[in-house]
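The numbering of the sequence shown is the numbering used here, which starts it at 732 and goes up by one.
Note that the Cβ used here is the ideal one computed from N, Cα and C, for glycine as well.
In this text the structure is predicted, and so the values were computed from the model without any measurement.
Down below is the structure, laid out as structure tokens.
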Amino acid sequence: SLTLNPQTRAGLPGQFVALPDGVTHFEIAGPEDGQPVILIHGFSTPYMLWDRNFAALAEAGLRVVRYDLFGRGYSDRPAPPYNPDRFDRQLDQLLDALGFGGPVALVGASMGGAIAATFADRHPQRVRRLALIGPAGFAVKPSLATVALFTPGVGEIVMALGGNKIILGGLPADFHQPGRFPEYYTNYAVQLPYRGFKRALLSTMRRMPLTTLGETYARIGRRGLPVLAIWGREDAVIPAASTAPKLQAAIPAAALHVIDAAGHNVQYERPEAVNPLLIDFLKE
């Protein structure tokens, strides 16, 4: 396995900034005077999750940042825990490092939605708009594999013996038509050789409140923050049919859009439908 350090990063794309918890990998584009927008990826797919949205938002005149959460992509894999405080701190310190003193718009997909909502709840003065794409935070039925990984000791053995195979094997479930995106699996896999990835995922599974954020969303709803919510109709990970109504109940004023012929990674699968919604919302 490889270690992320100045030598291994020298040939990698994007930019790097040293934060107190570790080095964070990011990319920034769009006019310097554009409205700042921060894209937050989900549980395990790094910032390449936004490959089909990033340029479109920048070209629309927004100042767009995407970054790898700690433990993913080319960001550092510090020692656990991977909990809300760590991801909250990373975002807070990244905004400071990039000089964003005023409020920004957050766009969070899946677990990124949970991170964005938690950040908006904890730092209301830093967030002016919130876009959620298939956001985590409400109860969903766990798979048997998930239950095994939650078990201390068992999860570590499973990950050591077949972690990469399990992780890669689960990716097609994020799409309605997984065969359309061969590059997605190739681009995802580049992070696997770097030491600490699987440990970070295990800690995140066990320490992130991915099914219990109802009250966080409700507080956001009561505060009146503008919220856009987007789901793929065929989302098998965080199903729109059971979850979107819970979000709408928590945030009645949220603008909700359910996109046909799209799974959990709706922004990757149907950018032609998602990008205009994001641009309209983020430029207001």
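Under 8 Å, do residue i and residue j count as touching if we go by C-beta distance?
i: residue 883; j: residue 856; result: no
i: residue 989; j: residue 971; result: yes
i: residue 837; j: residue 748; result: no
i: residue 813; j: residue 799; result: no
i: residue 841; j: residue 873; result: no
i: residue 987; j: residue 862; result: no
i: residue 775; j: residue 926; result: no
i: residue 985; j: residue 944; result: no
i: residue 1013; j: residue 766; result: yes
i: residue 1002; j: residue 736; result: no
i: residue 994; j: residue 905; result: yes
i: residue 773; j: residue 792; result: no
Put residue i into one of helix, strand or coil per three-state DSSP.
i: residue 956; result: coil
i: residue 982; result: coil
i: residue 888; result: helix
i: residue 734; result: coil
i: residue 897; result: helix
i: residue 912; result: coil
i: residue 869; result: coil
i: residue 942; result: coil
i: residue 993; result: coil
i: residue 949; result: helix
i: residue 965; result: coil
i: residue 883; result: coil
i: residue 937; result: helix
i: residue 844; result: helix
i: residue 931; result: helix
i: residue 973; result: helix
Mind checking residue i: buried by the 16 CB within 10 Å criterion, or exposed?
i: residue 888; result: exposed
i: residue 740; result: exposed
i: residue 916; result: exposed
i: residue 757; result: buried
i: residue 1006; result: buried
i: residue 802; result: buried
i: residue 806; result: buried
i: residue 998; result: buried
i: residue 973; result: exposed
List the residues that DSSP assigns as beta-bridge partners of residue i.
i: residue 862; result: 838, 959
i: residue 747; result: 756
i: residue 907; result: Looking at the DSSP assignment, residue 907 forms no beta bridge with any residue, so it has no partner.
i: residue 987; result: 960
i: residue 925; result: 733
Compare the C-beta of residue i with all C-beta atoms of chain C and state if any pair is closer than 8 Å.
i: residue 961; result: No chain C appears in the structure shown, which is made up of a single protein chain.
Extract the residue ranges of the alpha helix (DSSP H) inside the segment 758-834, only unbroken runs of 4 or more that lie entirely within it.
If we require 4 residues or more, the alpha helix (DSSP H) runs fully inside the segment 758-834 come out as 785-790, 815-828.
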